[in-house]
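I have placed the structure first, in the form of C-alpha coordinates, so that the comments after it can refer back to it.
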(Lines of atoms letter the chains of each structure in order from A and count residues from 1; the text may use other names and numbers.)
(Lines give C-alpha, C1' and ligand atoms only; values in the text may rest on other atoms or scores of the structure.)
Protein backbone atom coordinates (compact mmCIF):
# COMPACT_ATOMS: atom_id res chain seq x y z
CA UNK A 1 0.00 0.00 0.00
CA UNK A 2 1.12 3.53 -0.70
CA UNK A 3 -0.29 6.76 0.70
CA UNK A 4 0.02 10.10 -1.06
CA UNK A 5 -0.90 13.19 0.98
CA UNK A 6 -1.79 16.61 -0.36
CA UNK A 7 -2.90 19.67 1.59
CA UNK A 8 -4.42 22.74 -0.03
CA UNK A 9 -5.50 25.20 2.64
CA UNK A 10 -8.10 23.48 4.82
CA UNK A 11 -8.55 20.56 2.38
CA UNK A 12 -6.57 17.38 2.96
CA UNK A 13 -6.49 14.68 0.27
CA UNK A 14 -5.31 11.17 0.95
CA UNK A 15 -4.74 8.89 -2.05
CA UNK A 16 -4.54 5.27 -0.95
CA UNK A 17 -3.22 2.68 -3.42
CA UNK A 18 -3.17 -1.10 -3.06
CA UNK A 19 -4.89 -2.83 -0.16
CA UNK A 20 -6.35 -1.22 2.95
CA UNK A 21 -6.47 -4.16 5.34
CA UNK A 22 -5.44 -5.25 8.84
CA UNK A 23 -1.74 -4.82 8.06
CA UNK A 24 -1.96 -1.42 6.34
CA UNK A 25 -4.90 0.36 7.99
CA UNK A 26 -2.87 1.45 11.04
CA UNK A 27 -0.61 3.42 8.69
CA UNK A 28 -3.61 5.30 7.26
CA UNK A 29 -4.91 5.90 10.79
CA UNK A 30 -1.53 7.32 11.84
CA UNK A 31 -1.50 9.77 8.91
CA UNK A 32 -5.05 10.88 9.68
CA UNK A 33 -4.30 11.49 13.36
CA UNK A 34 -1.37 13.73 12.46
CA UNK A 35 -3.12 15.67 9.67
CA UNK A 36 -6.81 16.14 10.53
CA UNK A 37 -6.59 18.63 13.39
CA UNK A 38 -7.28 21.73 11.27
CA UNK A 39 -8.83 20.16 8.16
CA UNK A 40 -12.29 21.29 7.11
CA UNK A 41 -12.45 18.89 4.14
CA UNK A 42 -11.05 15.37 3.96
CA UNK A 43 -10.95 13.68 0.57
CA UNK A 44 -10.08 10.02 0.13
CA UNK A 45 -8.97 9.24 -3.44
CA UNK A 46 -9.45 5.51 -3.99
CA UNK A 47 -8.69 5.44 -7.73
CA UNK A 48 -5.87 2.94 -7.08
CA UNK A 49 -7.38 1.12 -4.08
CA UNK A 50 -7.80 -2.57 -4.94
CA UNK A 51 -9.32 -3.90 -1.70
CA UNK A 52 -10.67 -2.70 1.65
CA UNK A 53 -11.23 -4.93 4.68
CA UNK A 54 -13.21 -4.37 7.87
CA UNK A 55 -10.09 -2.76 9.38
CA UNK A 56 -10.09 -0.23 6.54
CA UNK A 57 -13.80 0.40 7.03
CA UNK A 58 -13.16 1.08 10.72
CA UNK A 59 -10.59 3.75 9.78
CA UNK A 60 -13.11 5.37 7.41
CA UNK A 61 -15.79 5.34 10.10
CA UNK A 62 -13.44 6.98 12.60
CA UNK A 63 -12.47 9.64 10.06
CA UNK A 64 -16.15 10.25 9.24
CA UNK A 65 -16.92 10.82 12.93
CA UNK A 66 -14.11 13.37 13.25
CA UNK A 67 -15.02 15.18 10.05
CA UNK A 68 -18.73 15.31 10.90
CA UNK A 69 -17.73 17.57 13.82
CA UNK A 70 -15.25 19.78 11.98
CA UNK A 71 -16.14 19.71 8.30
CA UNK A 72 -16.87 17.26 5.51
CA UNK A 73 -15.47 13.97 4.17
CA UNK A 74 -15.71 12.73 0.59
CA UNK A 75 -14.64 9.41 -0.94
CA UNK A 76 -13.79 9.64 -4.64
CA UNK A 77 -12.94 7.30 -7.52
CA UNK A 78 -14.23 4.07 -5.97
CA UNK A 79 -13.91 0.96 -8.16
CA UNK A 80 -16.63 -1.71 -8.40
CA UNK A 81 -14.95 -4.11 -5.95
CA UNK A 82 -14.64 -1.52 -3.19
CA UNK A 83 -18.12 -0.15 -3.96
CA UNK A 84 -19.54 -3.66 -3.50
CA UNK A 85 -17.99 -3.75 -0.01
CA UNK A 86 -19.48 -0.32 0.76
CA UNK A 87 -22.91 -1.45 -0.46
CA UNK A 88 -22.97 -4.77 1.43
CA UNK A 89 -21.80 -3.16 4.68
CA UNK A 90 -24.12 -0.15 4.44
CA UNK A 91 -21.20 2.28 4.17
CA UNK A 92 -22.62 3.55 0.87
CA UNK A 93 -25.45 5.04 2.96
CA UNK A 94 -23.23 6.88 5.45
CA UNK A 95 -20.33 8.04 3.24
CA UNK A 96 -20.39 10.78 0.63
CA UNK A 97 -19.12 8.95 -2.46
CA UNK A 98 -18.38 10.75 -5.72
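In the numbering used here, the protein residues as written are 962 to 1059.
From the three backbone atoms N, C-alpha and C, an ideal C-beta is built for every residue, glycine too.
Note that this is a predicted model, so its numbers are computed, not measured.
Approximately 5 Å separates the beta-carbon atoms of residue 1020 and residue 989; this is inside 8 Å, confirming the contact.
The shortest C-alpha to C-alpha distance from residue 1007 to any of 987, 1018, 1001 is the one to 1018. Taken atom to atom, the span from the alpha-carbon of residue 986 to that of residue 980 is near 9 Å. The three-state reading of DSSP puts residue 1003 in strand, counting E and B together.
Looking only at 982, 974, 984, the smallest Cα-Cα distance to residue 1000 is reached by 974. Judged by DSSP in its simplified three-state form, residue 978 adopts strand. The three-state reading of DSSP puts residue 1034 in strand, counting E and B together. Excluding sequence positions up to five before and after residue 1034, its CB lies within less than 7 Å of the CB of 1003, 1024, 1025, 1028, 1057, all in the same chain and listed in chain order.
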